[in-house]
Structure formats: C-alpha cells, structure tokens
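Taking the numbering used here, I'd label the letters of the sequence shown as residues 1 to 71.
All residues carry an ideal CB built from backbone N, CA and C; glycine is no exception.
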Amino acid sequence: MERFLFYANSAILCSALGLVVTVLLAYPLADWLAMGWQILAHIGTLLFAVGIKVAYVARLVFLSRLGRPVH
C-alpha cells in the first residue's frame, strides 16, 4: 500500500503541474497558439483536473487502508 500511496501522491503532483501548464497555454498564451493547440490545451485542462480528483480519492483510500488518519 505504501507504493500505491506514493503513486497517488505522484499523480497528484503531475496532474497539478499539467493543469498549470494547460491553463497557461489555454488562456494567457492562447494568442501564440494555433486553434488546434488551443483546443488541446482546453481538453487537457479538463483531463488534468479529473486526474487530480481521482488521484486524491485514491490517496484517501490508501491512507485509510494503511490505518493512517485521513484528513
């Protein structure tokens, strides 16, 4: 379970970084991108936000199974 907890924490971090990048590409830097890349950035924003939520729920499950406090 420790290994899965590490994966969940890593997934949260990677998803958060991806979310920041896609938000930057989709909004302030959109003038520099072609329409196709803008569409991909907006889709990526949605997918990375879902990734954060799924990884957080997985983290809570693994913490619970390890007997650690779930905050």
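*Take Met-27 as the anchor and find which of Ala-8, His-71, Ile-43, Glu-2 has the nearest alpha-carbon.*
Position 27 of the sequence shown, counting from 1, holds the residue named residue 27. Residue identity differs from the one stated: residue 27 is Tyr in this sequence, not Met. It is Ile-43.
*Do you know offhand how far Phe-6's Cα is from Ala-41's?*
On the sequence shown, residue 6 is found 6 positions in, with the first residue counted as 1. On the sequence shown, residue 41 is found 41 positions in, with the first residue counted as 1. The straight-line gap separating the alpha-carbon atoms of Phe-6 and Ala-41 is approximately 27 Å.
*Counting along the chain, where does the alpha helix (DSSP H) carrying Trp-75 start and finish?*
Because the chain in this structure spans residues 1 to 71, residue 75 falls outside the shown range and cannot be described.
*Taking C-alpha atoms, which residue in Ala-30, Val-23, Arg-65 lies nearest to Ala-49?*
Mapped onto the sequence shown, residue 49 falls at position 49. Taking only the C-alpha atoms, the option nearest Ala-49 is Val-23.
*Grouping DSSP H, G and I as helix and E and B as strand, with all else coil, what is Leu-5?*
Looking up residue 5 in the sequence shown gives position 5. Helix, per DSSP.
*Is there a Cβ from chain B that is less than 8 Å from the Cβ of Val-70?*
Absent from the structure: chain B. Only one protein chain is present.
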